Structure formats: structure tokens, C-alpha cells
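Structure first, commentary second.
In this note's numbering, the protein residues as written are 1 to 97.
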């Protein structure tokens with residue numbers, strides 16, 4: 001029996017919907033991250049970037065901030081991820097021959 005419940009919420013801000021993904025897709029992708037990194041850009045609260053996957057195989061680039069209580073606020077989400085975003089995560093996006 002667990003003494004604590006560590007459920008965290010993912011809140012999708014309206015701005016994150018502008019690239020055509022819906023709230024359920026963004027929540028799914030955030031809960032299925034394959035790579036994350038803290039962005040050291042001086043933002044307060046700090047911003048995290050994440051690459052998540054959808055059930056259909058698409059990859060989603062996201063930017064979010066964490067509340068002081070562990071909840072996440074995703075304010076940017078789009079697919080496919082840009083080469084610049086993948087490079088920031090340390091993923092080589094070049095096509096291999």
C-alpha cells in the first residue's frame with residue numbers, strides 16, 4: 001500500500017493548440033516522453049523541452065514549465081519536431097545513407 005500519491009497533472013495551455021494537436025494528444029505525448037532537457041535560458045519558472053510520442057508514431061516537440069507542486073504546464077506543442085529542437089535535445093536529425 002502506497003503512503004503517498006504522486007500523481008501529477010498536465011495542463012495544456014491554449015497557445016499549445018495552435019499547431020493542430022488537441023489537448024488529449026499533447027497530454028499523451030507529455031506522458032510518453034522519450035527525451036527531456038532543462039532549458040537554461042533564465043526563464044522563471046524554468047522551462048523544460050520534451051520530445052514525446054503519439055500512438056500513431058508521430059513525435060511531438062513540447063515546451064513546458066513545472067509548478068512548485070510538480071504539475072506541468074505545456075505551452076508549446078507541434079509535430080514534427082524541428083531539426084533545431086532535436087539538436088537542442090542532443091538528437092542527430094540528419095538522414096543517414
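We put the beta carbon where it would ideally sit given N, CA and C, even for glycine. A quick note: this is a predicted structure, and the numbers were derived from the prediction, not measured.
For residue 32, the secondary structure class from DSSP, reduced to helix, strand or coil, is coil. According to DSSP, residue pairing for residue 66 in a beta bridge involves 72. Under the three-state reduction of DSSP, residue 58 is assigned to coil, being neither helix nor strand. Between residue 62 and residue 29, the C-beta spacing is below 8 Å. At least 8 Å separates the beta-carbon of residue 20 from that of residue 36. Inclusion of residue 16 and residue 26 in the CB contact set at 8 Å is warranted, their separation being smaller than that value. Judged by DSSP in its simplified three-state form, residue 9 adopts coil rather than helix or strand. Secondary structure of residue 51 (DSSP, three-state): strand. Looking at the backbone, the Cα of residue 23 and that of residue 11 are separated by about 9 Å. CA-to-CA, the gap between residue 44 and residue 54 works out to about 29 Å.
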